[in-house]
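Under UniProt numbering, think of the first position of the sequence shown as 1, with each following residue one higher.
Working notes for the structure below.
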Amino acid sequence: MFNFKLLEYSLSSLWRRKEKNIALMIVYALVIATLGSVLLLTHALKTEALMTLSAAPEIVVQRTQGGRHELIPVHYAETIAGFPGVGKVTPRVWGYYYDSLVKANLTLIGLGGYHEQLELLEGRLPQAADECVIGAGVADAFGPQIGNLLVLEDSSKRRSEFYVTGIFRSRSNLLTNDLVVLQEDALRDFFAMPDGLATDLTVQVYNSREISTIAKKIAYFLPDSRPITREELLHTYDSLFNWRSGMMLAVFVSALMAFLILAWDRATGISAEEKREIGILKALGWETSHILGAKLREALLISLSAFIAGLLLAWFHVFVLGAPLLMPLLKGWSVLFPTFDLTRGVNLYQLAVLGCVTILPYLACTVIPAWKAAGSDPDDVMRG
Numbered sequence: 001m002f003n004f005k006l007l008e009y010s011l012s013s014l015w016r017r018k019e020k021n022i023a024l025m026i027v028y029a030l031v032i033a034t035l036g037s038v039l040l041l042t043h044a045l046k047t048e049a050l051m052t053l054s055a056a057p058e059i060v061v062q063r064t065q066g067g068r069h070e071l072i073p074v075h076y077a078e079t080i081a082g083f084p085g086v087g088k089v090t091p092r093v094w095g096y097y098y099d100s101l102v103k104a105n106l107t108l109i110g111l112g113g114y115h116e117q118l119e120l121l122e123g124r125l126p127q128a129a130d131e132c133v134i135g136a137g138v139a140d141a142f143g144p145q146i147g148n149l150l151v152l153e154d155s156s157k158r159r160s161e162f163y164v165t166g167i168f169r170s171r172s173n174l175l176t177n178d179l180v181v182l183q184e185d186a187l188r189d190f191f192a193m194p195d196g197l198a199t200d201l202t203v204q205v206y207n208s209r210e211i212s213t214i215a216k217k218i219a220y221f222l223p224d225s226r227p228i229t230r231e232e233l234l235h236t237y238d239s240l241f242n243w244r245s246g247m248m249l250a251v252f253v254s255a256l257m258a259f260l261i262l263a264w265d266r267a268t269g270i271s272a273e274e275k276r277e278i279g280i281l282k283a284l285g286w287e288t289s290h291i292l293g294a295k296l297r298e299a300l301l302i303s304l305s306a307f308i309a310g311l312l313l314a315w316f317h318v319f320v321l322g323a324p325l326l327m328p329l330l331k332g333w334s335v336l337f338p339t340f341d342l343t344r345g346v347n348l349y350q351l352a353v354l355g356c357v358t359i360l361p362y363l364a365c366t367v368i369p370a371w372k373a374a375g376s377d378p379d380d381v382m383r384g
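Shown next as structure tokens:
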């Protein structure tokens, strides 16, 4: 049965040393907030990547020359389409555009069949060479709305003007945030891309179990091609974020260890007042289990309060502020489009592990020294 008297005593004991306990909780919460921010941000970015790649084609075929990505002949699509089990093969025209004013990369893509994966927030798809559809992030950064002009400058410093006819949205902010969709001919003209060449090819495969087999056939019959399956992309992103978050956690765990060493030093160095208090309790008839129960409740109150406060701070840092302290490290890209809203979510398994790693060691650091003091003779304890 739960002993509320022990809880009352624990609360009064914490209140008597409120300055020291509040300072300890602040440091404790900041350590948990740091570790929690890494876990929340990693989970959010992996969720964004998963939602983005869920709409990706089964196979993307690129052409390589000298180990680098080159434009691929459109007629390769006819060869690939002849393989059994292959559905639609679509050439894609797309590329990156760096804007020096907002200091960010935009993704420009020809209309083609790509719009089937996206939804319009408002407006319509481009129907003329001087029209475009933009992502919500482009609208926020550049300011144009439907009916306004979007001005881009190509590699020859020639200005091109496009009327905005729609704004995209999708399940993943990462997918459309930096997107500008143009008519394919207009994009070829902007990038000076010759007819008969494309950036890559997307391959539809009817049977998911044949994806790897078809990818091997493509690599065999088109030796200068590089087929990339959706599963390979998912595995790459998962490994990338796990590696980066692991490196960051390894650094921040050292901060946790430093805090636990501090907590152990504080707990083992029980003050004369605390020792005298334990001795008085023993003299009054308290059993060792009662004293340990009271100290355990004190440690639980501090650790759980710090854990909840740390998680709230981590949530605010990641999902409200956009994780400004961690995002550049986990994204890894030197130039990315301005801020996008992360999909809010929590991995309960990660939170459980975080709780075990941060709460249990602190409980041990607090209870073990109290157990040693409680097991001593009351007279010796009060004499110091």
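Where a beta carbon is used, it is the ideal one built from N, C-alpha and C, also for glycine.
Source: prediction; values computed, not measured.
Whole angstroms is fine: what's the gap from residue i's alpha carbon to residue j's?
i: His-317; j: Leu-348; result: 18 Å
i: Ala-192; j: Gln-62; result: 19 Å
i: residue 428; j: Val-203; result: Residue 428 lies beyond the stretch modelled for the chain, which goes from 1 to 384, so this question has no answer here.
i: Pro-338; j: Asn-105; result: Note that Pro-338 has pLDDT 48, beneath the 50 cutoff, so the model's placement of it is unreliable and the number below is only indicative. About 9 Å.
i: Leu-71; j: Ile-214; result: 21 Å
i: Ser-13; j: Gly-345; result: 37 Å
i: Trp-371; j: Gly-36; result: 31 Å
i: Leu-201; j: Cys-356; result: 48 Å
i: Lys-295; j: Leu-40; result: 32 Å
i: Leu-187; j: Met-25; result: 57 Å
i: Leu-179; j: Ala-56; result: 15 Å
i: Gly-125; j: Val-164; result: Sequence inspection shows Leu at residue 125; the Gly mentioned does not correspond to that position. If you take the alpha carbons of Leu-125 and Val-164, they lie about 9 Å apart.
i: His-43; j: Glu-287; result: 46 Å
i: Gly-143; j: Asp-185; result: 25 Å
i: Leu-326; j: Met-51; result: 21 Å
i: Glu-122; j: Asn-177; result: 15 Å
i: Thr-90; j: Ala-77; result: 7 Å
i: Gln-183; j: His-69; result: 23 Å
i: Gly-66; j: Ala-219; result: 16 Å
i: Leu-108; j: Gly-166; result: 15 Å
i: Ile-32; j: Lys-103; result: 34 Å
i: Glu-8; j: Ile-22; result: 18 Å
i: Pro-361; j: Trp-15; result: 23 Å
i: Thr-199; j: Leu-120; result: 24 Å
i: Pro-194; j: His-235; result: 34 Å
i: His-75; j: Leu-45; result: 37 Å
By Cβ distance below 8 Å, which residues in the same chain neighbour residue i in space, the five residues on each side in sequence not counted?
i: Arg-159; result: Val-151, Leu-152, Glu-153
i: Leu-304; result: Ile-359
i: Met-257; result: none
i: Thr-79; result: Phe-221, Leu-222
Closest to residue i by CA distance: which of the options is it?
i: Leu-134; options: Ala-186, Phe-162, Lys-157; result: As written in the sequence, residue 134 is Ile, which differs from the Leu given in the question. The option with the nearest alpha carbon to Ile-134 is Phe-162.
i: Ser-96; options: Pro-223, Ser-155, Pro-57; result: According to the sequence as given, residue 96 is Tyr; it is not Ser. Nearest option by C-alpha distance: Ser-155.
i: Ala-139; options: Phe-168, Lys-216, Met-25; result: Phe-168
i: Lys-88; options: Leu-312, Gly-112, Ser-225; result: Gly-112
i: Ala-136; options: Val-181, Lys-157, Glu-58; result: Val-181
i: Phe-221; options: Phe-83, Leu-321, Leu-121, Asp-195; result: Phe-83
i: Tyr-237; options: Thr-47, Pro-144, Thr-165; result: Thr-47
i: Ser-100; options: Glu-122, Ala-141, Ile-109; result: Ala-141
i: Ser-208; options: Leu-197, Phe-190, Gly-293, Gly-85; result: Gly-85
i: Gly-110; options: Tyr-76, Leu-197, Ile-80; result: Leu-197
i: Thr-343; options: Leu-351, Ala-323, Pro-361, Gln-350; result: Ala-323
i: Met-27; options: Pro-361, Ala-309, Tyr-206; result: The sequence shown places Val at residue 27, rather than the Met named in the question. The candidate whose alpha carbon is nearest that of Val-27 is Ala-309.
i: Gln-350; options: Val-38, Val-320, Val-31; result: Val-38
i: Tyr-98; options: Gln-127, Ala-81, Lys-157; result: Lys-157
i: Trp-94; options: Leu-45, Asn-21, Asp-189; result: Asp-189
i: Val-205; options: His-75, Ala-81, Lys-20, Leu-11; result: Ala-81
Once the 5 residues before and after residue i are set aside, which same chain residues still bring their CB inside 6 Å of it?
i: Arg-226; result: Gln-62, Thr-64
i: Ala-49; result: Tyr-237
i: Arg-17; result: none
i: Thr-229; result: Ile-59, Ile-211, Ala-215
i: Gln-145; result: none
i: Leu-233; result: Leu-53
i: Asn-148; result: Val-164
i: Lys-217; result: Phe-83
Which residues in the same chain as residue i place their Cβ atom closer than 7 Å to its Cβ, once the five residues preceding and following it in sequence are excluded?
i: Trp-315; result: Leu-40
i: Val-353; result: none
i: Pro-73; result: Gly-196, Leu-197
i: residue 385; result: Only positions 1 to 384 of the chain appear in this structure, which leaves residue 385 out of reach.
i: Ala-29; result: Ala-306, Ala-309, Gly-310, Leu-313
i: Gln-127; result: none
i: Asp-224; result: Arg-63, Thr-64, Gln-65
Please confirm if residue i has its CB atom under 8 Å from at least one CB of chain C.
i: Gly-135; result: As a matter of chain content, chain C is missing from the structure shown, which is built from one protein chain.
* To do: Counting only runs of 3+ residues fully inside the stretch 79-122, write out the beta strand (DSSP E) ranges in chain order.
  => For the stretch 79-122, the full-length beta strand (DSSP E) segments reaching 3 residues or more read 86-92, 94-99, 104-110 along the chain.
* **Cβ pair count under 8 Å reaching 3, the stretch 361-372 against the stretch 291-304** => Segments in contact, yes.
* Quick one: complete alpha helix (DSSP H) runs, 4+ long, within the stretch 128-155? -> If we require 4 residues or more, the alpha helix (DSSP H) runs fully inside the stretch 128-155 come out as 136-142.
* **Start-end ranges of the alpha helix (DSSP H) lying completely within the stretch 178-238, minimum 4 residues** => Complete alpha helix (DSSP H) runs here, min 4: 184-191, 211-221.
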